[in-house]
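Note sheet for the following structure.
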Amino acid sequence: MKVILSTRLKNIFLIIITLSAIVYLYLQWSFQSQLSLFESDDLKSNYIKDIGFTVEEEYDVDGQVADSEKTDDKFTELEDGIYHNFEVDRVISPVFEARQYADKNNLPFILWWTPFTGEKGKLKKCFIGECYFTIDRQLYNHNATMALLFYGSNFNGNDLPLPRKKLHEWGLLHEESPKNQALFMFQDIMELFNYTSTFKQQSSYPISTQYIVSESYLLKPSVYTVSEKNWMKETLDLASIAYIQTGCNPPSDRDAYVQELMKYIRVDSYGKCLHNKDLPVELNSPSKMNSKAFIEFIGKYKFVLSFENAICNDYITEKLFRTFNMGSIPIYKGAPNIRDWLPDDHSAIIVDDFNSPKDLADYINFVDSNSTVYEQYLEYKTIGLRNPILNKALSERQWGVKSFYRMSYVTGFECYVCDQIHSNLKLMQEGKLPIKHQATFEHYGCPKPEKYNYSDIPGAFDWERNIWLWEYEKAKKNSVLLKEKVYSTLE
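Under the UniProt record's numbering, residue 491 is the last one in the sequence shown; the count climbs by one each step, no gaps.
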């Protein structure tokens with residue numbers, strides 16, 4: 001009898017252990033699945049806060065804690081075991097009765113028409129007032145709904161909140177280039193919005209530095225010394241220049257230029273375009289391009305082609321800032337006002353400073369052969385940032401990049417809109433006229449794409465390079481029609 005009982009107890013114990021393991025694996029899978037729903041690391045970090053995971057350190061892409069982000073954990077309990085960091089998400093209690101609280105206290109409702117955040121209903125305490133944020137379109141006609149927000153990538157002219165109400169303000173969040181959404185290149189579309197958060201300095205809530213983790217990220221010592229790079233160039237048979245890309249024939253027509261450049265100087269091209277070199281298998285994914293291993297691999301090169309996919313003031317991506325981080329010299333083609341965002345005035349080689357790819361190649365060869373001249377481009381690593389525009393932008397921004405301790409620019413923009421609404425409500429309570437906010441072309445607008453007078457790259461056709469010109473003309477016509485459509489329904 002004792003033996004049977006003992007056997008049964010063992011079996012029960014094994015069943016409990018097995019079930020516990022299954023539950024644990026399910027929770028792990030569920031957590032990872034939820035994270036995969038988010039399109040940005042900033043939103044992931046907010047989600048982690050909401051479900052109560054404590055993060056000991058914030059890691060830069062090189063695995064080091066960003067000095068400017070070090071702070072004590074500020075996790076507090078909202079209710080029923082939900083923990084968060086108020087400095088990150090601005091969420092206040094109650095969580096489950098947020099709608100009722102907002103109704104009772106006459107708070108402004110802000111509706112994400114494009115369900116970018118997935119927030120079915122949250123209260124946020126911003127810097128001036130509180131607002132209720134939701135993706136619930138049924139609240140469009142609610143008397144408290146005062147603003148509608150749109151994420152640019154999901155902006156659809158056939159799915160707009162029409163008829164537009166005169167009391168509704170519209171806000172646009174869009175960090176991507178015109179390749180992603182050509183409509184915003186035009187005044188007629190931008191005038192539909194009252195508030196914007198884009199890469200442009202003129203935006204209502206600019207996010208021009210969205211790819212700079214911190215000042216220390218730019219000033220991190222180079223992965224390799226110049227001597228080590230020279231040695232690896234000879235020993236590993238590397239070109240002086242690396243070219244990394246994931247998309248061919250973008251609006252900037254960069255591949256045609258690079259192909260012409262390759263006639264005069266050797267370039268190791270990784271990726272689909274002008275491919276002549278393979279990445280290691282473990283790095284052959286866009287998701288690996290900010291990893292420590294990727295930085296160390298590309299950091300072997302003395303120069304890196306940092307060509308944007310579209311030409312627009314202030315549109316500057318990780319292609320440039322990642323190169324600064326690793327300590328190579330970027331050869332840059334992109335934002336015409338790029339000098340506003342360089343560590344100093346001698347830290348990058350600007351393609352537009354040269355009359356032709358041949359002239360550029362000649363200068364690169366000169367710098368490559370002279371270590372003293374080469375190292376002058378890296379002086380910012382020891383002297384520090386000497387660009388007042390960049391310094392000001394980094395020191396004054398409210399939001400962080402890949403930060404577990406500062407709010408994302410998404411939350412920052414939400415609070416910006418919320419606070420503008422509260423400011424206007426206060427003015428009206430005082431018998432004054434509210435401030436009329438109006439976006440303009442300069443809040444996003446970019447110039448018409450241009451095509452180089454160079455031959456097509458292998459495997460591509462002329463129409464692939466012309467498609468962006470066609471897209472531009474199509475978007476230009478649609479912008480006029482869409483503006484007429486919106487204002488013809490104004491209530």
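We put the beta carbon where it would ideally sit given N, CA and C, even for glycine.
Can you tell me where the beta strand (DSSP E) holding residue i begins and where it ends?
{"i": "Tyr-315", "result": "Unbroken run through Tyr-315: none, as it is neither H nor E."}
{"i": "Met-146", "result": "145 to 151"}
{"i": "His-346", "result": "First-last for His-346: undefined, no H or E at that position."}
{"i": "Val-226", "result": "That residue, Val-226, is in no beta strand (DSSP E); its alpha helix (DSSP H) goes 226 to 235."}
{"i": "Tyr-405", "result": "Counting along the chain, Tyr-405 falls outside any beta strand (DSSP E), and DSSP gives it neither H nor E."}
{"i": "Tyr-195", "result": "195 to 198"}
{"i": "Glu-130", "result": "130 to 134"}
{"i": "Val-304", "result": "303 to 307"}
{"i": "Lys-125", "result": "122 to 125"}
{"i": "Leu-111", "result": "109 to 112"}
{"i": "Ala-242", "result": "241 to 244"}
{"i": "Ile-331", "result": "329 to 333"}
Report the residue from the options whose alpha carbon sits nearest the alpha carbon of residue i.
{"i": "Pro-388", "options": "Lys-426, Trp-341 and Met-185", "result": "Trp-341"}
{"i": "Gln-210", "options": "Asp-159, Gly-327 and Gly-400", "result": "Gly-400"}
{"i": "Leu-433", "options": "Lys-179, Ser-423 and Glu-375", "result": "Ser-423"}
{"i": "Lys-124", "options": "Val-223, Cys-418 and Asp-359", "result": "Cys-418"}
{"i": "Asp-314", "options": "Leu-427, Phe-186 and Phe-199", "result": "Phe-199"}
{"i": "Ser-371", "options": "Val-226, Ala-102, Phe-86 and Asn-105", "result": "Val-226"}
{"i": "Gly-157", "options": "Leu-425, Glu-491, Leu-183 and Lys-272", "result": "Leu-183"}
{"i": "Cys-312", "options": "Lys-104, Lys-448, Pro-163 and Ser-153", "result": "Lys-448"}
{"i": "Phe-86", "options": "Lys-451, Met-407 and Leu-469", "result": "Met-407"}
{"i": "Asp-345", "options": "Phe-366, Ala-361, Gly-384 and Ser-369", "result": "Gly-384"}
{"i": "Ser-395", "options": "Pro-357, Ser-216, Lys-451 and Ala-335", "result": "Ser-216"}
{"i": "Leu-481", "options": "Val-88, Cys-126, Ile-189 and Lys-104", "result": "Ile-189"}
{"i": "Met-185", "options": "Asn-391, Glu-442 and Asn-453", "result": "Glu-442"}
{"i": "Pro-343", "options": "Thr-323, Asp-352, Pro-357 and Phe-354", "result": "Thr-323"}
{"i": "Leu-490", "options": "Gly-118, Glu-450 and Arg-164", "result": "Arg-164"}
{"i": "Pro-115", "options": "Arg-137, Phe-127 and Val-95", "result": "Arg-137"}
{"i": "Tyr-416", "options": "His-142, Gly-129 and Asn-105", "result": "Gly-129"}
{"i": "Ile-212", "options": "Val-367, Lys-402 and Leu-139", "result": "Lys-402"}
{"i": "Trp-113", "options": "Asn-141, Asp-103 and His-437", "result": "Asn-141"}
{"i": "Tyr-301", "options": "Asp-268, Val-281 and Glu-430", "result": "Asp-268"}
So residue i and residue j are supposed to be a Cβ contact under 8 Å. How far apart are they, rounded?
{"i": "Asn-276", "j": "Glu-318", "result": "At roughly 23 Å, the Cβ-Cβ gap does not stay under 8 Å, so Asn-276 and Glu-318 are not in contact."}
{"i": "Ile-364", "j": "Ile-241", "result": "7 Å"}
{"i": "Pro-108", "j": "Cys-131", "result": "5 Å"}
{"i": "Asn-325", "j": "Ile-295", "result": "7 Å"}
{"i": "Met-147", "j": "His-168", "result": "The question names Met, yet the displayed sequence has Ala at residue 147. Right, their Cβ atoms sit about 7 Å apart."}
{"i": "Leu-218", "j": "Phe-321", "result": "7 Å"}
{"i": "Lys-179", "j": "Pro-251", "result": "5 Å"}
{"i": "Gln-181", "j": "Phe-155", "result": "6 Å"}
{"i": "Tyr-101", "j": "Asp-253", "result": "With a Cβ gap of about 53 Å, Tyr-101 and Asp-253 do not count as contacting."}
{"i": "Ile-110", "j": "Glu-414", "result": "7 Å"}
{"i": "Lys-477", "j": "Leu-192", "result": "Going by Cβ atoms, the distance from Lys-477 to Leu-192 rounds to 16 Å, so no, they are not a contact pair."}
{"i": "Thr-411", "j": "Asp-89", "result": "6 Å"}
{"i": "Asn-106", "j": "His-437", "result": "The Cβ separation is near 22 Å, so there is no contact."}
For residue i versus residue j, is the C-beta distance shorter than 7 Å?
{"i": "residue 533", "j": "Val-258", "result": "Look at the range of the chain in this structure, 1 to 491, and you will see that residue 533 is not part of it."}
{"i": "Thr-235", "j": "Ala-439", "result": "no"}
{"i": "Gly-327", "j": "Val-486", "result": "no"}
{"i": "Ala-348", "j": "Tyr-332", "result": "yes"}
{"i": "Lys-120", "j": "Phe-133", "result": "no"}
{"i": "Asn-309", "j": "Ser-455", "result": "no"}
{"i": "Arg-266", "j": "Ala-293", "result": "no"}
{"i": "Ser-369", "j": "Pro-330", "result": "no"}
{"i": "Tyr-444", "j": "Ala-361", "result": "no"}
{"i": "Ala-335", "j": "Ile-316", "result": "yes"}
{"i": "Cys-248", "j": "Asp-255", "result": "yes"}
{"i": "Leu-274", "j": "Ile-457", "result": "yes"}
{"i": "residue 572", "j": "Leu-172", "result": "Within the shown structure, residues of the chain are numbered from 1 to 491, placing residue 572 beyond reach of any answer."}
{"i": "Pro-357", "j": "Glu-260", "result": "yes"}
What are the boundary residues of the alpha helix (DSSP H) that residue i is part of?
{"i": "Pro-458", "result": "Here Pro-458 belongs to no alpha helix (DSSP H), and DSSP marks it neither H nor E."}
{"i": "Ala-256", "result": "254 to 261"}
{"i": "Ser-267", "result": "Here the sequence assigns Val to residue 267, which means Ser is not the residue at that position. Where Val-267 is concerned, there is no enclosing alpha helix (DSSP H), although the beta strand (DSSP E) it sits in stretches over 267 to 270."}
{"i": "Ile-295", "result": "292 to 298"}
{"i": "Thr-372", "result": "371 to 376"}
{"i": "Leu-360", "result": "357 to 368"}
{"i": "Leu-390", "result": "388 to 396"}
{"i": "Glu-169", "result": "No alpha helix (DSSP H) contains Glu-169, which is instead part of the beta strand (DSSP E) from 169 to 174."}
{"i": "Ile-189", "result": "187 to 190"}
{"i": "Ser-216", "result": "215 to 219"}
{"i": "Lys-381", "result": "380 to 383"}
{"i": "Ala-102", "result": "98 to 104"}
{"i": "residue 496", "result": "With the chain covering 1 to 491 only, the question about residue 496 has no answer from this structure."}
{"i": "Glu-430", "result": "It is not in any alpha helix (DSSP H) - Glu-430 carries neither H nor E in the DSSP assignment."}
{"i": "Val-88", "result": "86 to 89"}
Comparing the C-beta of residue i with each C-beta of chain C, is any distance below 7 Å?
{"i": "His-275", "result": "Included in the structure is just one protein chain, with no chain C present."}
At least three beta-carbon pairs within less than 8 Å, the region 197 to 210 to the region 224 to 241
These segments do not touch.
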